[in-house]
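*Asks:*
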Amino acid sequence: MIKLNLNWRTFYLFTIIFRFVFTLSDSYIHPDEHFQSLEVLSNRILDYSTNIPWEFHESPARSLAPLYLLYGPLLYFIKFFNINLTPLQIWYFARLQLCILSWIVTDFCLYWMLPSKHERIKAIFFTSTSYITLVYQNHLFSNSVETLLLLIVILLIDDLRYVQESQDDDVKNMNKSTSLFYMGVLISLGIFNRVTFPAFLILPSWFLVKYVFTHLKSGIIFVFGFVLSTTILILIDTFLFGNFNQVFSNPFDISNYVITPLNNLLYNTNYDNLSQHGIHPFYTHILVNLPQILGPGLIFFISKTYIKTTPFLSVISGLLFLSVIPHQELRFLVPLLPLMCCCFDFTMKWVQSWMVYTWYLFNIAMCLLMGVFHQGGVVPALDYLKSIDEDGSVQVWWRTYSPPSWILGSNSTETIRVNDSVDVRKSVNIVDCMGVDVYEVERVLGSVGRSKPVYLITPIASFHNFNASDFIPVWNYTFHVDLDHIDFSNFELGLGIYRLI
(Lines of atoms letter the chains of each structure in order from A; the text may use other names.)
(Lines give C-alpha, C1' and ligand atoms only; values in the text may rest on other atoms or scores of the structure.)
Protein backbone atom coordinates (compact mmCIF):
# COMPACT_ATOMS: atom_id res chain seq x y z
CA MET A 1 0.00 0.00 0.00
CA ILE A 2 1.34 3.45 -0.90
CA LYS A 3 0.17 6.98 -0.44
CA LEU A 4 0.77 9.63 -3.05
CA ASN A 5 2.53 12.65 -1.59
CA LEU A 6 2.13 15.20 -4.32
CA ASN A 7 3.10 18.84 -4.55
CA TRP A 8 0.07 19.95 -6.54
CA ARG A 9 1.52 23.16 -7.91
CA THR A 10 4.83 21.60 -8.94
CA PHE A 11 3.47 18.65 -10.90
CA TYR A 12 0.66 20.70 -12.39
CA LEU A 13 3.09 23.33 -13.67
CA PHE A 14 5.30 20.72 -15.31
CA THR A 15 2.40 18.87 -16.95
CA ILE A 16 1.14 22.17 -18.38
CA ILE A 17 4.56 22.88 -19.86
CA PHE A 18 4.81 19.37 -21.30
CA ARG A 19 1.32 19.65 -22.81
CA PHE A 20 2.41 22.64 -24.86
CA VAL A 21 5.81 21.16 -25.72
CA PHE A 22 4.30 18.01 -27.22
CA THR A 23 1.43 19.94 -28.79
CA LEU A 24 4.00 21.89 -30.82
CA SER A 25 6.08 18.83 -31.71
CA ASP A 26 5.90 17.45 -35.25
CA SER A 27 5.21 13.76 -34.68
CA TYR A 28 2.69 12.05 -36.92
CA ILE A 29 0.85 9.20 -35.19
CA HIS A 30 -1.73 8.10 -37.76
CA PRO A 31 -2.91 9.45 -41.15
CA ASP A 32 -6.42 10.08 -39.81
CA GLU A 33 -5.17 12.96 -37.66
CA HIS A 34 -4.65 14.89 -40.91
CA PHE A 35 -6.94 13.23 -43.41
CA GLN A 36 -10.04 13.42 -41.22
CA SER A 37 -9.45 17.01 -40.12
CA LEU A 38 -7.50 19.83 -41.79
CA GLU A 39 -6.80 17.96 -45.03
CA VAL A 40 -10.56 18.22 -45.56
CA LEU A 41 -11.33 21.64 -44.07
CA SER A 42 -8.37 23.49 -45.62
CA ASN A 43 -9.68 22.47 -49.03
CA ARG A 44 -13.19 23.73 -48.30
CA ILE A 45 -12.32 26.91 -46.40
CA LEU A 46 -8.82 27.95 -47.53
CA ASP A 47 -9.10 26.57 -51.09
CA TYR A 48 -6.01 24.41 -50.76
CA SER A 49 -5.63 21.56 -53.23
CA THR A 50 -5.70 18.47 -51.02
CA ASN A 51 -6.13 14.72 -51.03
CA ILE A 52 -9.68 14.21 -49.75
CA PRO A 53 -10.16 10.69 -48.30
CA TRP A 54 -12.96 8.34 -49.32
CA GLU A 55 -15.01 9.06 -46.17
CA PHE A 56 -15.89 12.51 -47.50
CA HIS A 57 -16.84 11.56 -51.05
CA GLU A 58 -19.94 9.76 -52.33
CA SER A 59 -22.16 8.44 -49.51
CA PRO A 60 -19.93 10.23 -46.97
CA ALA A 61 -19.20 8.21 -43.85
CA ARG A 62 -17.76 11.10 -41.82
CA SER A 63 -19.64 14.16 -40.65
CA LEU A 64 -18.29 17.59 -41.51
CA ALA A 65 -20.36 19.26 -38.78
CA PRO A 66 -18.02 18.47 -35.81
CA LEU A 67 -15.01 19.58 -37.87
CA TYR A 68 -16.64 22.89 -38.75
CA LEU A 69 -17.75 23.43 -35.15
CA LEU A 70 -14.26 22.83 -33.74
CA TYR A 71 -11.81 24.03 -36.38
CA GLY A 72 -14.04 26.11 -38.67
CA PRO A 73 -13.93 29.32 -36.56
CA LEU A 74 -10.11 29.31 -36.59
CA LEU A 75 -9.86 28.79 -40.36
CA TYR A 76 -12.59 31.32 -41.16
CA PHE A 77 -10.92 33.86 -38.86
CA ILE A 78 -7.63 33.40 -40.73
CA LYS A 79 -9.39 33.67 -44.09
CA PHE A 80 -11.65 36.62 -43.21
CA PHE A 81 -8.85 38.77 -41.81
CA ASN A 82 -6.40 37.56 -44.47
CA ILE A 83 -3.84 36.58 -41.84
CA ASN A 84 -0.57 35.48 -43.40
CA LEU A 85 0.11 32.14 -41.75
CA THR A 86 1.84 29.11 -43.20
CA PRO A 87 -0.07 25.81 -43.09
CA LEU A 88 2.39 24.61 -40.45
CA GLN A 89 1.51 27.58 -38.23
CA ILE A 90 -2.21 26.94 -38.78
CA TRP A 91 -1.63 23.32 -37.74
CA TYR A 92 0.06 24.49 -34.54
CA PHE A 93 -2.81 26.86 -33.72
CA ALA A 94 -5.40 24.12 -34.29
CA ARG A 95 -3.51 21.78 -31.98
CA LEU A 96 -3.03 24.50 -29.35
CA GLN A 97 -6.76 25.12 -29.45
CA LEU A 98 -7.47 21.43 -28.89
CA CYS A 99 -4.79 21.24 -26.18
CA ILE A 100 -6.32 24.09 -24.16
CA LEU A 101 -9.85 22.77 -24.62
CA SER A 102 -8.78 19.27 -23.54
CA TRP A 103 -6.96 20.64 -20.52
CA ILE A 104 -9.98 22.63 -19.32
CA VAL A 105 -12.64 19.98 -19.99
CA THR A 106 -10.65 17.03 -18.63
CA ASP A 107 -9.63 18.68 -15.38
CA PHE A 108 -13.07 20.20 -14.84
CA CYS A 109 -14.88 16.89 -15.34
CA LEU A 110 -12.49 14.87 -13.18
CA TYR A 111 -12.66 17.46 -10.41
CA TRP A 112 -16.46 17.49 -10.24
CA MET A 113 -16.94 13.78 -10.85
CA LEU A 114 -14.80 12.50 -7.98
CA PRO A 115 -15.85 12.64 -4.32
CA SER A 116 -12.69 13.65 -2.45
CA LYS A 117 -9.57 15.76 -2.83
CA HIS A 118 -7.31 12.70 -2.80
CA GLU A 119 -9.33 11.00 -5.57
CA ARG A 120 -9.29 14.19 -7.65
CA ILE A 121 -5.55 14.70 -7.31
CA LYS A 122 -4.88 11.05 -8.13
CA ALA A 123 -7.03 11.06 -11.29
CA ILE A 124 -5.79 14.42 -12.57
CA PHE A 125 -2.16 13.56 -11.78
CA PHE A 126 -2.09 10.26 -13.64
CA THR A 127 -4.19 11.59 -16.50
CA SER A 128 -1.89 14.59 -16.88
CA THR A 129 1.29 12.50 -16.80
CA SER A 130 0.11 9.91 -19.31
CA TYR A 131 1.57 10.02 -22.81
CA ILE A 132 -1.95 9.51 -24.11
CA THR A 133 -2.94 12.91 -22.69
CA LEU A 134 0.33 14.65 -23.53
CA VAL A 135 0.58 13.32 -27.08
CA TYR A 136 -2.49 11.58 -28.53
CA GLN A 137 -5.02 13.93 -26.98
CA ASN A 138 -3.37 16.97 -28.60
CA HIS A 139 -3.34 15.51 -32.11
CA LEU A 140 -6.30 16.27 -34.35
CA PHE A 141 -8.03 12.91 -34.00
CA SER A 142 -11.78 12.48 -33.79
CA ASN A 143 -10.87 10.27 -30.81
CA SER A 144 -9.48 13.34 -29.02
CA VAL A 145 -12.82 15.10 -29.43
CA GLU A 146 -14.58 11.91 -28.35
CA THR A 147 -12.63 11.97 -25.07
CA LEU A 148 -14.04 15.38 -24.17
CA LEU A 149 -17.61 14.50 -25.11
CA LEU A 150 -17.42 11.24 -23.17
CA LEU A 151 -16.10 12.92 -20.02
CA ILE A 152 -18.90 15.47 -20.01
CA VAL A 153 -21.61 12.85 -20.61
CA ILE A 154 -20.20 10.55 -17.90
CA LEU A 155 -20.11 13.51 -15.51
CA LEU A 156 -23.80 14.19 -16.23
CA ILE A 157 -24.73 10.51 -15.83
CA ASP A 158 -22.79 10.31 -12.58
CA ASP A 159 -24.68 13.36 -11.36
CA LEU A 160 -27.99 11.62 -12.15
CA ARG A 161 -26.76 8.59 -10.24
CA TYR A 162 -25.89 10.76 -7.24
CA VAL A 163 -29.39 12.25 -7.24
CA GLN A 164 -30.99 8.79 -7.35
CA GLU A 165 -28.83 7.30 -4.60
CA SER A 166 -28.91 10.29 -2.25
CA GLN A 167 -30.76 10.01 1.07
CA ASP A 168 -31.45 13.75 1.06
CA ASP A 169 -34.96 14.56 -0.17
CA ASP A 170 -33.86 17.99 -1.43
CA VAL A 171 -31.23 16.34 -3.60
CA LYS A 172 -33.64 13.68 -4.86
CA ASN A 173 -36.12 16.36 -5.94
CA MET A 174 -33.57 18.41 -7.89
CA ASN A 175 -34.68 19.24 -11.43
CA LYS A 176 -32.20 17.78 -13.92
CA SER A 177 -34.09 18.62 -17.11
CA THR A 178 -31.40 21.00 -18.33
CA SER A 179 -28.69 18.37 -17.80
CA LEU A 180 -30.74 15.82 -19.74
CA PHE A 181 -31.23 18.23 -22.62
CA TYR A 182 -27.47 18.85 -22.83
CA MET A 183 -26.84 15.12 -22.54
CA GLY A 184 -29.09 14.45 -25.52
CA VAL A 185 -27.26 17.09 -27.54
CA LEU A 186 -23.82 15.77 -26.58
CA ILE A 187 -24.66 12.13 -27.30
CA SER A 188 -25.93 13.13 -30.72
CA LEU A 189 -22.77 15.13 -31.39
CA GLY A 190 -20.68 12.21 -30.15
CA ILE A 191 -22.35 9.84 -32.61
CA PHE A 192 -21.77 12.23 -35.51
CA ASN A 193 -18.15 12.60 -34.43
CA ARG A 194 -17.65 8.82 -34.12
CA VAL A 195 -20.43 6.32 -34.67
CA THR A 196 -18.98 4.03 -31.98
CA PHE A 197 -19.51 6.66 -29.26
CA PRO A 198 -22.48 4.81 -27.64
CA ALA A 199 -20.21 1.83 -26.89
CA PHE A 200 -18.77 3.76 -23.93
CA LEU A 201 -22.24 4.55 -22.58
CA ILE A 202 -24.17 1.28 -22.78
CA LEU A 203 -23.47 0.14 -19.19
CA PRO A 204 -23.47 3.53 -17.39
CA SER A 205 -26.64 4.56 -19.25
CA TRP A 206 -28.51 2.25 -16.86
CA PHE A 207 -28.62 5.19 -14.45
CA LEU A 208 -29.99 7.42 -17.21
CA VAL A 209 -32.73 4.89 -18.00
CA LYS A 210 -33.64 4.56 -14.30
CA TYR A 211 -33.91 8.32 -13.94
CA VAL A 212 -36.00 8.76 -17.08
CA PHE A 213 -38.50 6.10 -15.98
CA THR A 214 -39.17 8.01 -12.77
CA HIS A 215 -38.98 11.48 -14.39
CA LEU A 216 -40.84 11.14 -17.70
CA LYS A 217 -40.88 14.88 -18.38
CA SER A 218 -37.08 14.98 -18.14
CA GLY A 219 -36.94 11.96 -20.44
CA ILE A 220 -38.93 13.84 -23.08
CA ILE A 221 -36.51 16.77 -22.78
CA PHE A 222 -33.57 14.36 -23.24
CA VAL A 223 -35.15 12.94 -26.42
CA PHE A 224 -35.90 16.47 -27.64
CA GLY A 225 -32.26 17.50 -27.18
CA PHE A 226 -31.06 14.41 -29.04
CA VAL A 227 -33.54 14.78 -31.91
CA LEU A 228 -32.97 18.53 -32.24
CA SER A 229 -29.19 18.14 -32.36
CA THR A 230 -29.41 15.19 -34.77
CA THR A 231 -31.70 17.12 -37.10
CA ILE A 232 -29.42 20.15 -37.13
CA LEU A 233 -26.32 18.02 -37.77
CA ILE A 234 -28.03 16.16 -40.62
CA LEU A 235 -29.06 19.47 -42.21
CA ILE A 236 -25.53 20.86 -41.82
CA ASP A 237 -24.01 17.80 -43.50
CA THR A 238 -26.68 17.82 -46.21
CA PHE A 239 -25.85 21.46 -46.95
CA LEU A 240 -22.06 21.04 -46.81
CA PHE A 241 -22.07 17.95 -49.03
CA GLY A 242 -24.20 19.81 -51.59
CA ASN A 243 -27.49 17.91 -51.34
CA PHE A 244 -29.68 20.82 -50.31
CA ASN A 245 -31.21 21.31 -53.77
CA GLN A 246 -32.57 17.76 -53.72
CA VAL A 247 -34.01 18.39 -50.26
CA PHE A 248 -35.83 21.50 -51.45
CA SER A 249 -37.21 19.66 -54.46
CA ASN A 250 -38.41 16.70 -52.38
CA PRO A 251 -38.05 17.25 -48.60
CA PHE A 252 -39.92 14.03 -47.75
CA ASP A 253 -37.47 11.73 -49.53
CA ILE A 254 -35.12 10.53 -46.79
CA SER A 255 -32.51 9.49 -49.36
CA ASN A 256 -31.92 13.16 -50.18
CA TYR A 257 -30.49 13.77 -46.72
CA VAL A 258 -26.88 13.03 -45.84
CA ILE A 259 -26.89 10.91 -42.66
CA THR A 260 -23.21 10.22 -42.10
CA PRO A 261 -23.48 7.97 -39.00
CA LEU A 262 -25.85 5.69 -40.91
CA ASN A 263 -23.49 5.57 -43.90
CA ASN A 264 -20.60 4.83 -41.56
CA LEU A 265 -22.54 2.07 -39.83
CA LEU A 266 -23.54 0.47 -43.14
CA TYR A 267 -19.95 0.61 -44.37
CA ASN A 268 -18.45 -0.88 -41.21
CA THR A 269 -20.97 -3.69 -40.91
CA ASN A 270 -19.61 -5.04 -44.18
CA TYR A 271 -16.77 -7.41 -43.33
CA ASP A 272 -15.16 -6.97 -46.75
CA ASN A 273 -14.93 -3.22 -46.17
CA LEU A 274 -13.33 -3.68 -42.76
CA SER A 275 -10.82 -6.16 -44.18
CA GLN A 276 -9.35 -3.32 -46.28
CA HIS A 277 -8.41 -1.50 -43.06
CA GLY A 278 -7.25 -4.53 -41.09
CA ILE A 279 -9.00 -7.34 -39.24
CA HIS A 280 -7.92 -7.96 -35.66
CA PRO A 281 -8.73 -10.75 -33.17
CA PHE A 282 -11.49 -9.89 -30.70
CA TYR A 283 -8.97 -9.76 -27.83
CA THR A 284 -6.73 -7.09 -29.42
CA HIS A 285 -8.12 -4.19 -27.40
CA ILE A 286 -7.87 -5.99 -24.07
CA LEU A 287 -4.59 -7.89 -24.49
CA VAL A 288 -2.66 -5.58 -26.83
CA ASN A 289 -4.03 -2.03 -26.93
CA LEU A 290 -4.97 -1.61 -23.27
CA PRO A 291 -1.48 -2.58 -21.98
CA GLN A 292 0.06 -0.19 -24.52
CA ILE A 293 -2.09 2.65 -23.19
CA LEU A 294 -1.60 2.05 -19.47
CA GLY A 295 1.78 0.34 -19.37
CA PRO A 296 2.65 -0.24 -15.69
CA GLY A 297 -0.56 1.60 -14.80
CA LEU A 298 -2.40 -1.61 -15.61
CA ILE A 299 -1.19 -2.89 -12.23
CA PHE A 300 -3.05 -0.09 -10.44
CA PHE A 301 -6.19 -0.53 -12.53
CA ILE A 302 -6.74 -4.21 -11.70
CA SER A 303 -8.74 -3.85 -8.49
CA LYS A 304 -12.23 -4.52 -7.14
CA THR A 305 -12.41 -1.21 -5.30
CA TYR A 306 -13.90 0.83 -8.14
CA ILE A 307 -15.97 -1.75 -10.04
CA LYS A 308 -19.28 -0.12 -9.10
CA THR A 309 -18.23 3.42 -10.02
CA THR A 310 -19.56 5.17 -13.11
CA PRO A 311 -16.09 5.68 -14.69
CA PHE A 312 -15.32 1.96 -14.32
CA LEU A 313 -18.64 0.98 -15.90
CA SER A 314 -17.84 3.22 -18.88
CA VAL A 315 -14.38 1.65 -19.23
CA ILE A 316 -15.77 -1.89 -19.19
CA SER A 317 -18.57 -0.89 -21.55
CA GLY A 318 -16.11 0.55 -24.06
CA LEU A 319 -13.74 -2.41 -23.85
CA LEU A 320 -16.47 -5.02 -24.23
CA PHE A 321 -18.48 -3.50 -27.05
CA LEU A 322 -15.54 -2.13 -29.06
CA SER A 323 -13.99 -5.61 -28.88
CA VAL A 324 -16.96 -6.92 -30.86
CA ILE A 325 -15.82 -4.81 -33.83
CA PRO A 326 -13.11 -6.69 -35.79
CA HIS A 327 -11.09 -3.54 -36.61
CA GLN A 328 -9.31 -2.49 -33.41
CA GLU A 329 -6.75 0.31 -33.15
CA LEU A 330 -5.13 1.68 -30.01
CA ARG A 331 -6.52 5.20 -30.53
CA PHE A 332 -10.08 3.86 -30.32
CA LEU A 333 -9.46 3.44 -26.57
CA VAL A 334 -7.97 6.90 -26.02
CA PRO A 335 -11.22 8.28 -24.49
CA LEU A 336 -10.95 5.72 -21.69
CA LEU A 337 -7.63 6.95 -20.30
CA PRO A 338 -8.97 9.62 -17.87
CA LEU A 339 -11.70 7.27 -16.67
CA MET A 340 -9.20 4.47 -16.06
CA CYS A 341 -7.00 6.84 -14.06
CA CYS A 342 -10.03 7.51 -11.83
CA CYS A 343 -9.96 3.80 -10.96
CA PHE A 344 -6.28 3.46 -10.06
CA ASP A 345 -6.08 1.79 -6.65
CA PHE A 346 -3.03 2.30 -4.44
CA THR A 347 -4.54 0.72 -1.33
CA MET A 348 -3.71 -2.81 -2.44
CA LYS A 349 -1.11 -4.34 -0.12
CA TRP A 350 1.15 -5.62 -2.87
CA VAL A 351 1.46 -2.21 -4.59
CA GLN A 352 4.89 -0.74 -3.82
CA SER A 353 6.08 2.86 -4.12
CA TRP A 354 8.70 1.98 -6.75
CA MET A 355 5.92 0.90 -9.12
CA VAL A 356 4.85 4.51 -9.56
CA TYR A 357 8.30 5.31 -10.96
CA THR A 358 7.79 2.70 -13.67
CA TRP A 359 4.75 4.76 -14.72
CA TYR A 360 6.97 7.82 -15.09
CA LEU A 361 9.62 5.96 -17.09
CA PHE A 362 7.07 4.31 -19.37
CA ASN A 363 5.32 7.57 -20.19
CA ILE A 364 8.54 9.53 -20.69
CA ALA A 365 9.70 6.89 -23.18
CA MET A 366 6.36 6.83 -25.00
CA CYS A 367 6.18 10.64 -25.08
CA LEU A 368 9.56 10.76 -26.80
CA LEU A 369 8.72 7.92 -29.19
CA MET A 370 5.17 8.92 -30.17
CA GLY A 371 5.38 12.64 -29.43
CA VAL A 372 8.72 13.44 -31.07
CA PHE A 373 10.17 10.68 -33.24
CA HIS A 374 7.22 8.77 -34.72
CA GLN A 375 7.10 9.84 -38.39
CA GLY A 376 8.34 13.18 -37.04
CA GLY A 377 9.97 14.35 -40.25
CA VAL A 378 6.96 14.16 -42.58
CA VAL A 379 5.39 17.51 -41.72
CA PRO A 380 8.73 19.41 -41.50
CA ALA A 381 9.69 17.93 -44.89
CA LEU A 382 6.48 19.22 -46.44
CA ASP A 383 7.08 22.61 -44.85
CA TYR A 384 10.60 22.69 -46.30
CA LEU A 385 9.36 21.73 -49.78
CA LYS A 386 6.81 24.55 -49.54
CA SER A 387 9.54 27.02 -48.56
CA ILE A 388 11.62 26.21 -51.66
CA ASP A 389 8.91 28.03 -53.63
CA GLU A 390 9.72 26.50 -57.00
CA ASP A 391 7.42 26.54 -60.03
CA GLY A 392 6.62 22.93 -59.34
CA SER A 393 8.02 19.56 -58.37
CA VAL A 394 7.43 15.85 -58.32
CA GLN A 395 7.69 14.39 -54.83
CA VAL A 396 8.17 10.65 -54.49
CA TRP A 397 7.47 9.57 -50.91
CA TRP A 398 8.60 6.12 -49.80
CA ARG A 399 8.28 4.34 -46.45
CA THR A 400 6.51 7.21 -44.75
CA TYR A 401 2.92 7.79 -43.75
CA SER A 402 0.85 9.41 -46.47
CA PRO A 403 1.98 13.05 -46.73
CA PRO A 404 -0.84 15.49 -45.83
CA SER A 405 -0.70 17.69 -48.91
CA TRP A 406 -2.52 20.59 -47.24
CA ILE A 407 0.77 21.47 -45.49
CA LEU A 408 2.08 22.58 -48.90
CA GLY A 409 -0.60 25.28 -49.02
CA SER A 410 -0.88 24.89 -52.79
CA ASN A 411 -3.98 25.20 -54.97
CA SER A 412 -2.52 22.95 -57.67
CA THR A 413 -1.49 19.64 -56.10
CA GLU A 414 -2.30 16.03 -56.85
CA THR A 415 -1.57 12.90 -54.84
CA ILE A 416 -1.30 9.63 -56.75
CA ARG A 417 -0.22 6.02 -56.23
CA VAL A 418 2.67 4.22 -57.89
CA ASN A 419 0.62 2.95 -60.84
CA ASP A 420 -1.09 6.28 -61.61
CA SER A 421 0.01 8.74 -64.27
CA VAL A 422 1.41 12.15 -63.35
CA ASP A 423 -0.77 15.10 -64.33
CA VAL A 424 1.76 17.59 -65.71
CA ARG A 425 -0.80 20.41 -65.44
CA LYS A 426 -0.47 20.31 -61.65
CA SER A 427 2.29 22.33 -59.99
CA VAL A 428 3.05 19.67 -57.41
CA ASN A 429 2.74 15.93 -57.98
CA ILE A 430 2.96 13.75 -54.88
CA VAL A 431 3.57 10.07 -55.55
CA ASP A 432 2.74 8.16 -52.37
CA CYS A 433 4.69 4.92 -52.68
CA MET A 434 3.98 3.88 -49.09
CA GLY A 435 5.82 0.58 -48.47
CA VAL A 436 6.11 -0.86 -51.98
CA ASP A 437 9.20 -2.71 -53.16
CA VAL A 438 12.25 -0.55 -53.90
CA TYR A 439 12.16 -1.62 -57.56
CA GLU A 440 8.72 -0.05 -57.90
CA VAL A 441 10.08 3.21 -56.50
CA GLU A 442 12.97 3.15 -58.98
CA ARG A 443 10.49 2.56 -61.79
CA VAL A 444 8.47 5.59 -60.67
CA LEU A 445 11.59 7.77 -60.46
CA GLY A 446 12.51 6.77 -63.98
CA SER A 447 9.07 7.40 -65.44
CA VAL A 448 8.00 10.76 -64.01
CA GLY A 449 10.06 12.82 -66.43
CA ARG A 450 12.38 15.76 -65.76
CA SER A 451 10.24 18.75 -66.76
CA LYS A 452 10.41 19.86 -63.11
CA PRO A 453 12.55 18.89 -60.11
CA VAL A 454 12.07 15.35 -58.79
CA TYR A 455 12.56 14.68 -55.09
CA LEU A 456 12.76 11.41 -53.20
CA ILE A 457 11.59 11.70 -49.60
CA THR A 458 12.45 8.64 -47.55
CA PRO A 459 13.95 7.63 -44.18
CA ILE A 460 17.73 8.00 -44.16
CA ALA A 461 18.06 4.29 -43.34
CA SER A 462 16.00 3.40 -46.43
CA PHE A 463 18.02 5.63 -48.76
CA HIS A 464 20.79 3.02 -48.69
CA ASN A 465 18.62 1.00 -51.10
CA PHE A 466 19.35 3.53 -53.87
CA ASN A 467 22.42 4.55 -55.83
CA ALA A 468 23.54 7.66 -53.93
CA SER A 469 25.33 9.05 -57.01
CA ASP A 470 21.94 9.60 -58.69
CA PHE A 471 20.84 12.07 -56.01
CA ILE A 472 21.83 15.27 -54.27
CA PRO A 473 20.92 15.39 -50.55
CA VAL A 474 19.11 18.69 -49.97
CA TRP A 475 17.56 18.36 -46.50
CA ASN A 476 17.37 16.02 -43.53
CA TYR A 477 15.57 15.87 -40.20
CA THR A 478 16.95 13.83 -37.32
CA PHE A 479 13.84 13.35 -35.17
CA HIS A 480 12.14 10.76 -37.34
CA VAL A 481 11.69 7.04 -36.91
CA ASP A 482 9.81 4.62 -39.16
CA LEU A 483 8.49 1.82 -36.95
CA ASP A 484 6.98 -0.05 -39.91
CA HIS A 485 10.30 -0.80 -41.61
CA ILE A 486 12.85 -1.07 -38.81
CA ASP A 487 16.00 -2.96 -39.73
CA PHE A 488 18.22 -3.11 -36.64
CA SER A 489 21.18 -4.21 -38.73
CA ASN A 490 20.98 -0.87 -40.55
CA PHE A 491 19.13 1.31 -38.04
CA GLU A 492 19.43 5.06 -38.43
CA LEU A 493 17.20 7.91 -37.30
CA GLY A 494 16.05 10.63 -39.65
CA LEU A 495 14.19 11.53 -42.82
CA GLY A 496 15.89 12.92 -45.89
CA ILE A 497 14.99 14.76 -49.08
CA TYR A 498 17.10 13.84 -52.11
CA ARG A 499 16.94 15.58 -55.48
CA LEU A 500 17.20 13.31 -58.50
CA ILE A 501 20.06 14.39 -60.75
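In terms of full-length UniProt numbering, the sequence shown opens at residue 1 and continues consecutively. Built from N, CA and C at the ideal position, the CB exists for glycine as well.
So for D107, helix, strand or coil by DSSP?
*Replies:* In the structure shown, D107 sits in a helix (DSSP, three-state: H, G or I).
*Asks:* Looking only at C-alpha atoms, which of I90, V153, F18 and L69 sits nearest to L408?
*Replies:* For the residues I90, V153, F18 and L69, the minimum Cα distance to L408 belongs to I90.
*Asks:* Give, in chain order, every unbroken run of the alpha helix (DSSP H) that is at least 4 residues long and sits entirely within the region 367-449.
*Replies:* Listed in chain order, the complete alpha helix (DSSP H) runs (minimum 4 residues) inside the region 367-449 are 378-388 and 438-447.
*Asks:* Excluding five sequence neighbours on each side, which residues of the same chain lie with their C-beta closer than 8 Å to the C-beta of I132?
*Replies:* Answer for I132: I293, V334 and L337, listed in chain order.
*Asks:* Out of P261, S116, F108 and M174, point me to the one whose CA is closest to P66's CA.
*Replies:* Taking only the C-alpha atoms, the option nearest P66 is P261.
*Asks:* So the alpha helix (DSSP H) F213 belongs to, where does it begin and stop?
*Replies:* Counting along the chain, the alpha helix (DSSP H) containing F213 begins and ends at S205 to T214.
*Asks:* Between the beta-carbon of residue 505 and the beta-carbon of F344, is there less than 8 Å?
*Replies:* As shown, the chain starts at 1 and ends at 501. That puts residue 505 outside it, with no answer to give.
*Asks:* For L46, does the three-state DSSP call read helix, strand or coil?
*Replies:* L46: coil per DSSP, three-state reduction.
*Asks:* Using only alpha-carbon positions, find the residue among E329, V351, H327 and D272 that is nearest to G297.
*Replies:* Closest option to G297, Cα to Cα, is V351.
*Asks:* Distance check for T458 and D389, CA to CA, integer angstroms please.
*Replies:* Taking the straight line joining both Cα atoms gives about 21 Å.
*Asks:* Report the option in H485, L69, G449 and R443 whose CA atom is closest to the CA atom of I236.
*Replies:* Checking every option, the nearest Cα to that of I236 belongs to L69.
*Asks:* So, with DSSP's three-state summary, where would you put L495?
*Replies:* Three-state result, L495: strand.
*Asks:* Which residues bound the alpha helix (DSSP H) around P338?
*Replies:* First-last of the alpha helix (DSSP H) with P338: L337 to C342.
*Asks:* With DSSP as the reference, please indicate the residues paired to P296 in a beta bridge.
*Replies:* P296 pairs with nothing; no bridge assigned.
*Asks:* Check F471 in the structure and name its three-state DSSP category.
*Replies:* Of the three classes helix, strand and coil, the one that applies to F471 here is strand, per DSSP.
*Asks:* Note down the Cα distance separating H277 from R417, rounded to an integer number of angstroms.
*Replies:* Distance between the alpha carbons of H277 and R417 is about 17 Å.
*Asks:* Spatial neighbours of N465 within its chain, please: C-beta separation below 7 Å, excluding the five flanking residues on both sides.
*Replies:* Excluding residues within five positions, the ones whose Cβ falls inside 7 Å are V438.
*Asks:* Classify L201 as helix, strand or coil using the three-state DSSP reduction.
*Replies:* Coil.
*Asks:* Measure the CB-CB distance between M113 and D168 and report whether it falls below 8 Å.
*Replies:* The answer is no: Cβ separation not under 8 Å.
*Asks:* What's the gap between the Cα of F207 and the Cα of Y401?
*Replies:* Answer to the nearest angstrom: the Cα atoms are 43 Å apart.
*Asks:* Pop quiz: F491 and A468 are said to be a contact at Cβ under 8 Å. What is the actual Cβ separation, rounded to whole angstroms?
*Replies:* That belief does not hold up - the Cβ atoms of F491 and A468 are roughly 18 Å apart, past 8 Å.
*Asks:* If you draw a straight line from the C-alpha of L110 to the C-alpha of I124, how long is it?
*Replies:* The straight-line gap from Cα to Cα measures roughly 7 Å.
*Asks:* Just how far apart, CA to CA, sit W398 and R425?
*Replies:* If I take the Cα positions, the gap works out to 23 Å.
*Asks:* Mapping DSSP to helix, strand and coil, what is L140?
*Replies:* Reduced to three states, the DSSP call for L140 is coil.
*Asks:* With burial defined as no fewer than 16 other Cβ atoms inside 10 Å of the residue's Cβ, what is the status of R95: buried or exposed?
*Replies:* Label assigned to R95: buried.
*Asks:* Expressed to the nearest angstrom, what Euclidean distance is found between the alpha-carbon atoms of V441 and I430?
*Replies:* Approximately 13 Å, taken between the alpha carbons.
*Asks:* Grab me the residues of I497's own chain with a C-beta within less than 8 Å of its C-beta, minus the 5 sequence neighbours each way, in chain order.
*Replies:* Closer than 8 Å at Cβ, skipping near neighbours: A381, Y384, L385, Y455, L456, I457, P473, V474, W475 and N476.
*Asks:* By the 10 Å Cβ neighbour count, where 16 or more other Cβ atoms means buried, how is H57 classified, buried or exposed?
*Replies:* H57 is exposed by the Cβ-count criterion.
*Asks:* What are the boundary residues of the alpha helix (DSSP H) that includes P311?
*Replies:* Per DSSP, P311 belongs to the alpha helix (DSSP H) from T310 to L322.
*Asks:* Per DSSP, what kind of secondary structure is T358 in: helix, strand or coil?
*Replies:* The answer is helix: DSSP assigns T358 an H, G or I state.
*Asks:* Under 8 Å, do N264 and R44 count as touching if we go by C-beta distance?
*Replies:* In this structure, R44 does not lie closer than 8 Å to N264 by Cβ.
*Asks:* Do you know offhand how far P326's Cα is from N175's?
*Replies:* When rounded, the distance between both Cα atoms is 42 Å.
*Asks:* Per the DSSP calculation, P459 is bridged to which residue(s)?
*Replies:* In the DSSP output, where bridge partners are listed per residue, P459 has L495.
*Asks:* What first and last residue would you give for the alpha helix (DSSP H) that runs through D32?
*Replies:* D32 -> alpha helix (DSSP H) spans D32 to F35.
*Asks:* State yes or no: is the C-beta of F224 within less than 8 Å of the C-beta of F181?
*Replies:* Their beta carbons are under 8 Å apart, which means F224 touches F181 by this criterion.
*Asks:* Which of the three DSSP states, helix, strand or coil, is assigned to V247?
*Replies:* Helix at V247.
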